[in-house]
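Numbering (this note's numbering), first residue to last: 2 to 402.
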């Protein structure tokens, strides 16, 4: 290789590799032969097998936990119902029969704003917005009025009123006025419970048009129509309760007592002196006569104005009619002028047509006369040519002879 002329560092690449190490060949193990179960019978226990352990499915586990939770909540509710006493809460109003419950409040509404909104119905003793332990409002409040009349007015008029873009719900205080009343957190309240099947049925199968018009539904004669048929409506305030009817009757009695007392006061006032009454009646008669004169004058002025307006309108109408007639006359004159112009144009066109026809006839007669002259000249020329030819032929024959 060196004779070829390769350098040593390249000759190394062409050298043979060393031999591999020697290892003994691998012995293949034979697989075990298949055998019966007779050899394993000694390992089994004697007697019957133990019972099968039944494990819970995911669905069964969820149902079990749900039932446990329901039973636990029922026990807790029973304990809370035993300790519930609305009369122990001294932070609320003094007189429950003059207290109004306000629900669905905005969380930003304070007592000052509520007082301002409900002072229109009557004098207010106390306003209380209910808050939780962290002093955050819970969305409802209580308002105590001084008179039952103002309470009744607020109960009838303030329901559905908008405060901070939210419609409120107004009801009487039921905790201290109705026996065995329980709030919603203790399983009571009005309407079905949250998450119950009845609540889902109402929300899914409800006729919303009938629910919106539920005030009309109560007094509607077509209550059995398809529009209101099978509509699950319930009144949230439930004015049809016997306890509320009893309270409203008491309010009506108080009103009747107030009216009777006011009538008695009027009777005492009617025993004033007759001279004062006569003077008062005379003064009223004079005022009535003066007012009657002023009214008659005003009526006459109004009549005069209406007459002037009618005259102006009639003048305007007559002017409009005369203008319309003049316009129609002008239009008829213009139409007549147009017709005359069209007639003149037609006569001129006819005269021009006659002139053209005459020119064509003259040109045709000239051409015919010219053709006749040319024909006559050609005939004369032909006659001359024939006569010359005859003379020549005659002379030629004479020369030959």
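Note that the Cβ used here is the ideal one computed from N, Cα and C, for glycine as well.
Can you tell me whether residue i is buried or exposed? The criterion is at least 16 other CB atoms within 10 Å of its CB, across all chains shown.
i           : result
residue 3   : With a pLDDT of only 49 at residue 3, under the threshold of 50, the placement of this residue in the model should not be trusted; the figure read from the coordinates follows. Residue 3 is exposed by the Cβ-count criterion.
residue 99  : buried
residue 156 : buried
residue 194 : exposed
residue 119 : buried
residue 71  : exposed
residue 21  : exposed
residue 122 : buried
residue 101 : buried
residue 139 : exposed
residue 235 : No answer about residue 235 holds up, because its pLDDT of 41 lies below 50 and its placement is not dependable.
residue 241 : Because residue 241 sits at a pLDDT of 49, beneath the cut-off of 50, its placement in the model cannot be relied upon, and the following sentence gives the value as read from the coordinates. It counts as exposed.
residue 231 : Residue placement at residue 231 is flagged as unreliable, the pLDDT there being 48, under the threshold of 50; a coordinate-derived value is accordingly withheld.
residue 274 : Reliability of the predicted coordinates at residue 274 is poor, the pLDDT of 48 falling under 50, and the value obtained from them is presented with this limitation in mind. Exposed is the call here.
residue 277 : Annotation note: pLDDT 49 at residue 277 (below 50); position unreliable, coordinate value reported separately. Answer is exposed; the Cβ neighbour count stays below 16.
So what does residue i bridge to, in DSSP terms?
i           : result
residue 100 : 145
residue 125 : 146
residue 163 : 168
With distances taken between CB atoms, is the gap from residue i to residue j smaller than 8 Å?
i           : j           : result
residue 173 : residue 162 : no
residue 143 : residue 152 : no
residue 125 : residue 171 : no
residue 106 : residue 141 : yes
residue 184 : residue 190 : yes
residue 73  : residue 187 : no
residue 94  : residue 60  : no
residue 110 : residue 160 : no
residue 52  : residue 176 : no
Got a sec, what are the start and stop residues for the beta strand (DSSP E) residue i sits in?
i           : result
residue 14  : Where residue 14 is concerned, there is no enclosing beta strand (DSSP E), given that its DSSP letter is neither H nor E.
residue 134 : Residue 134 -> no beta strand (DSSP E), and no H or E assigned at all.
residue 27  : Careful: residue 27 lies outside any beta strand (DSSP E) and carries neither H nor E.
residue 173 : 170 to 173
Starting from residue i and walking both ways along the alpha helix (DSSP H), at which residues does that stretch end?
i           : result
residue 115 : 112 to 119
residue 84  : 59 to 84
Taking only heavy atoms of the ligand COA into account, decide whether any of them is closer than 7 Å to the Cβ of residue i.
i           : result
residue 197 : This structure lacks the ligand COA; in fact it carries no ligand of any kind.
| message | I'd like to know if the stretch 121 to 138 and the stretch 180 to 190 are in contact, where contact means that at least 3 CB-CB pairs between them fall below 8 Å. | response | no
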